[in-house]
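Written out below as structure tokens is the structure these notes cover.
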């Protein structure tokens, strides 16, 4: 028994609607989520970089062994002034949420090591999350390819897919 006329057009229309829904899901949800995760990971990398820079500064202060320090301080907009620190044996370290704590060099180094380990674990988790999102995007795109191949004309001539990786 032959399918009623127009049944093939209805099936193709339903497949096209599904394809459009999945394309919108990839563009509006998955790609946006991936962008957010990658931005978060970049922020974590920036914090790690700042803590490592602080660690190098503390180590150089320890090596110098001097109590006094002459430096330049950026007041903003690349406007620098010369400054002199009378006693640099204790430093102020940002521990989070805008809170600074005064620490000795050894305390600061221990804190920096723990903080960078924590941030590194967070960046590893964000990297895994981004890999999962990328895998989901690829899975949906492969599903779309399969849907579109089902929508090819019955004479065997392949249609051109709408989505390319």
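In this note's numbering, the protein residues as written are 16 to 180. For glycine and all other residues, C-beta sits at the position ideal for the given N, C-alpha and C.
| Check | Outcome |
| --- | --- |
| Report the partner residues of residue 105 according to the DSSP bridge assignment. | 119 |
| Bridge partners for residue 86 per DSSP, in chain order? | 98 |
| For my contact list, residue 103 and residue 124 are in at a C-beta cut-off of 8 angstroms; report their separation, rounded to the angstrom. | With a Cβ gap of about 14 angstroms, residue 103 and residue 124 do not count as contacting. |
| Leaving out five residues on either side along the sequence, give the residues of the same chain with a beta carbon under 7 angstroms from the beta carbon of residue 52. | 141, 144, 145, 148 |
| What do you get for residue 133, buried or exposed, if any count of 16 or more other CB atoms within 10 angstroms of its CB means buried? | exposed |
| Using DSSP with H/G/I as helix, E/B as strand and the rest coil, what is residue 28? | helix |
| For residue 113, which of helix, strand or coil comes out of DSSP? | coil |
| Given residue 120, which residues of its chain have a CB within under 6 angstroms of its CB, disregarding the five upstream and five downstream residues? | 73, 77 |
| Please state the DSSP three-state secondary structure of residue 81. | coil |
| Quick one: using the 10 Å Cβ neighbour count with 16 as the cut-off for buried, is residue 96 buried or exposed? | exposed |
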